[in-house]
Amino acid sequence: MIHAMSYTDGEAATFEEVTAAAEAPGTTWVWVNAADRGGDGDPAVREGETDVGRVPQPTGELATVTERFDIHPLHVEDVLGDARPKSELLDEYAFLLVKGARFRVGETTFLEEIRTRPVGVFVGDDWLVTVTVDSDDAVEAVWNRLEGADRRALARGADFAGYLVVDRIVDGYFRLLEELEDDIETVEDRVIEAPDPDTLAAINELRRELLSVRRVVWPTRDAVNALSRGDADQIAESTEKYYRDVYDHLVQLVELTETYRDLTAGARDIYLNTLSQSTNEVMRRLTVVATIVLPLTFVAGVFGMNFESMPELGWPYAYHTAMLGMGGIALVLVAYFRREGWL
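At position 151 of the sequence shown (counting the first as 1) the number is 151 in UniProt numbering, and the numbers step up by one without a gap.
Next up, the structure:
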């Protein structure tokens with residue numbers, strides 16, 4: 001599905017045709033929701049021959065947009081192929097691939113999976129093209145903002161609209177980490193109060209989720225940095241500071257991710273130490289019991305020998321004396337262990 005808009009200072013107009021939006025005065029924004037399909041039901045891309053070999057070629061509505069704005073098929077392939085976040089600066093446009101991230105809906109706590117969705121942002125001199133493979137809340141929110149006549153956004157060019165999209169996606173990373181922080185606090189409480197194998201599984205799941213966030217945030221930081229240094233001709237000098245602000249947020253996100261990974265590592269160490277202490281406590285009690293039983297077993301073994309000439313066997317009080325002696329030994333050992341704090 002294609003959404004097309006043209007806006008100038010103060011007003012925005014939507015169009016059904018890409019050509020009409022591109023020819024209208026002002027800045028053009030085209031949002032293509034490829035959803036892995038072309039507009040006519042065919043795959044969004046197909047294999048095609050070029051001077052560098054076989055590369056995927058856009059089809060349907062996506063092909064219309066890429067041809068109109070001269071977008072390279074390899075960049076479209078990066079978006080639809082869910083490639084790593086990146087940026088490339090060309091004479092015709094600046095390309096930025098970022099990923100929206102959120103928890104997969106419908107999963108239970110500690111079993112959630114982070115789902116990422118690629119968003120391709122193509123910034124030209126007076127046009128912006130965003131390509132998504134599914135509905136994207138960040139793109140839709142910025143689109144509605146411009147369509148609702150946000151004067152601050154409408155007064156600026158395509159580079160600023162691209163910034164708004166990227167900034168909205170990065171804000172989603174903060175919300176994601178806030179949810180993970182709550183889960184980390186819950187796990188830490190469980191480690192202290194009632195550690196069990198499920199707690200360790202929850203810690204490992206959180207570490208996997210943080211690793212997923214790290215794989216998104218780190219390359220995104222480098223990609224956005226390329227647009228904030230003045231190297232992209234399509235990014236106005238007045239807009240570069242906004243991209244630098246996004247870069248600063250991404251640096252903060254990287255630090256938060258590493259901090260949370262350290263917290264989960266600490267929680268795991270506490271769990272393992274608690275488990276080790278519990279095991280040591282059990283072994284200590286078993287050792288105490290074995291130490292008490294050992295002399296009693298020795299006495300019982302001595303008087304249980306099958307010899308005929310054992311004077312004690314003929315003594316009428318031998319049994320009572322042996323039992324009292326064994327009981328006394330046990331009491332002395334119990335008193336000693338209690339004094340030492342082992343019981």
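Here a beta-carbon is modelled for each residue, glycine too, at the ideal position from N, C-alpha and C.
Fully enclosed by the region 93 to 154, which alpha helix (DSSP H) runs are 4 residues long or longer? 137 to 147, 151 to 154
Cβ neighbours of residue 292 in the same chain (closer than 6 Å, five flanking residues each side left out): 330, 333
Close Cβ partners of residue 296 (< 7 Å) along its chain, the five nearest in sequence each way excluded: 326, 329, 330
Given that a residue counts as buried once 16 or more other Cβ atoms are within 10 Å of its Cβ, and exposed if not, what is residue 29? buried
Identify which residue in 269, 265, 2, 225 has its Cα closest to the Cα of residue 248. 225
Between the C-alpha atoms of residue 35 and residue 219, what's the straight-line distance to the nearest angstrom? 24 Å
Three-state secondary structure (DSSP) at residue 315? coil
Using the three-state DSSP reduction, which class does residue 2 fall into: helix, strand or coil? strand
In three-state terms, what does DSSP make of residue 211? helix
Beta-ladder partner(s) of residue 306, from DSSP: Residue 306 is not bridged to any residue.
The beta strand (DSSP E) that contains residue 232, what's its start and end? Segment: none, residue 232 is in no beta strand (DSSP E) and carries neither H nor E.
According to DSSP, simplified to helix, strand and coil, what is residue 11? strand
Using CA coordinates, which residue listed in 97, 2, 321 is at the minimum distance from residue 140? 2
Where are the beta strand (DSSP E) runs, 3 residues long or more, that stay fully inside the region 244 to 295, in chain order? none
Find out if the Cβ-Cβ distance for the pair residue 79, residue 26 is shorter than 8 Å. no
Can at least three beta-carbon pairs, one atom from the region 196 to 212 and one from the region 253 to 269, be found at a separation below 8 Å? yes
Under the three-state reduction of DSSP, which class applies to residue 29: helix, strand or coil? strand
Please state the DSSP three-state secondary structure of residue 16. coil
Nearest-angstrom Cα distance between residue 14 and residue 130? 15 Å
Across the region 73 to 93 and the region 140 to 150, are there enough close Cβ pairs to call them in contact, namely three or more that are closer than 8 Å? no
Return the Cβ separation of residue 246 and residue 167 in integer angstroms, given the expectation that the two are a contact with Cβ distance under 8 Å. 5 Å
To which residues of the same chain is residue 134 closer than 8 Å at the C-beta, ignoring the five residues directly before and after it? 33, 35, 117
Under the three-state reduction of DSSP, which class applies to residue 327: helix, strand or coil? helix
CB of residue 217 within 8 Å of CB of residue 259, strictly: no
Below 8 Å, how does it come out for the region 91 to 102 and the region 227 to 245: are there three or more Cβ pairs, yes or no? yes
Can you give the Cα-Cα distance for residue 283 and residue 276, rounded to whole angstroms? 10 Å
What's the C-alpha gap between residue 51 and residue 238? Here the model assigns residue 51 a pLDDT of 43, short of 50, so the residue's position is not dependable and the matter cannot be decided.
Are the beta-carbon atoms of residue 162 and residue 128 separated by less than 8 Å? yes
May I ask you to report which of helix, strand or coil DSSP gives residue 238? helix
Since residue 210 and residue 180 are thought to touch, with beta carbons under 8 Å apart, how far apart are those beta carbons, to the nearest angstrom? 7 Å
Who pairs with residue 87 in a beta bridge, going by DSSP? 96
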